[in-house]
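The block underneath contains the structure these notes are about, expressed in structure tokens.
Chains as they are written, first to last, in my numbering: chain U, 18 to 131; chain L, 20 to 134.
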């Protein structure tokens with residue numbers, strides 16, 4: 018079945034360090050790919066998305082490129098801040114409209130320290 | 020513009036009881052999806068409602084049922100609660116096939132504890 022694999026956490030970085038969180042997927046078709054972020058005690062917020070191969074999603078300094086050849090969608094940020102501390106989820110979606118469930122990875126916790 | 024809202028925020032039940040969780044979608048959205056997020060895990064898809072019908076279902080038993088109302092709000096019902104049902108239940112809304120915006124927006128969740 019369809020699945021998403023994320024790197025294990027927690028990832029601990031100093032402020033202004035470079036961030037990479039790896040995400041790879043398995044899917045029977047051509048999925049759309051997403052990164053969601055979950056701050057403590059809150060629901061999920063969409064961070065960025067890409068809907069086809071070679072698309073780059075970006076938001077708030079984060080970016081990820083849809084790589085069909087490596088079935089990957091790694092999340093990067095050039096300089097993290099303490100406020101980026103959260104759990105990050107990679108997800109895929111096959112289908113559109115009403116047949117459009119999201120399949121999530123297990124999440125990667127990011128801790129940024131001063 | 021109100022986002023996705025869920026109620027209650029927290030709930031404690033005992034094994035065997037029944038629970039109803041509620042969700043109001045983001046303004047303008049007509050599709051509601053429900054997810055279960057166990058501690059330390061990613062959300063798992065339960066089902067999706069559109070036009071008051073269940074359109075897609077994940078790998079959850081029949082103890083999990085739902086409903087969508089004409090105003091697009093939705094309920095998730097869980098019968099015969101088990102300890103393993105303890106989780107954060109997330110509702111997500113989106114615009115169905117009539118629209119182009121299919122991104123799912125999540126509510127803050129209802130945290131259910133089964134004792």
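Using N, Cα and C, we set each Cβ at its ideal position, and we do this for glycine too.
Close to residue 123 (chain U), with beta-carbon spacing below 7 Å, are these residues of chain L in chain order: 60, 61. Look at the beta carbons and you see the segment 41 to 48 of chain L not touching the segment 41 to 60 of chain U: under three pairs across the two are nearer than 8 Å. Under DSSP, residue 86 (chain L) takes part in a beta bridge, and its partners are L:94. With contacts defined by Cβ atoms closer than 8 Å, residue 25 (chain L) and residue 40 (chain L) form a contacting pair. Between residue 71 (chain L) and residue 88 (chain L), the alpha-carbon positions lie close to 6 Å from each other. DSSP, reduced to helix, strand and coil, places residue 22 (chain L) outside both helices and strands of the structure shown, so it counts as coil.
Within the segment 48 to 72 of chain U, the residues whose Cβ lies closer than 9 Å to any Cβ of chain L are, in chain order, 49, 51, 53, 55, 58, 59, 60, 61, 62, 63, 66. Taken residue by residue, none of the segment 74 to 101 of chain U has a beta-carbon sitting less than 9 Å from a beta-carbon on chain L. Rounded to whole angstroms, the gap between the alpha carbons of residue 32 (chain U) and residue 38 (chain U) is 16 Å. With contacts defined as CB atoms closer than 8 Å, residue 23 (chain U) and residue 122 (chain U) qualify as a contacting pair. Within chain U, 118 have C-beta atoms less than 8 Å from the C-beta of residue 77 (chain L), given in sequence order. Residue 124 (chain U) sits close to residue 105 (chain U), with the two beta carbons spaced by under 8 Å. In the structure shown, the three-state DSSP call for residue 58 (chain L) is coil. Bridge partners of residue 80 (chain U) according to DSSP: U:75, U:93. The Cβ atoms of residue 42 (chain U) and residue 50 (chain U) sit closer than 8 Å to each other. For residue 127 (chain L), the chain U residues whose C-beta falls within less than 7 Å of its own C-beta are 59, 60, listed in chain order. By the beta-carbon neighbour count (other beta carbons within 10 angstroms, threshold 16), residue 65 (chain L) is buried. Rounded to whole angstroms, the gap between the alpha carbons of residue 83 (chain L) and residue 127 (chain L) is 20 Å.
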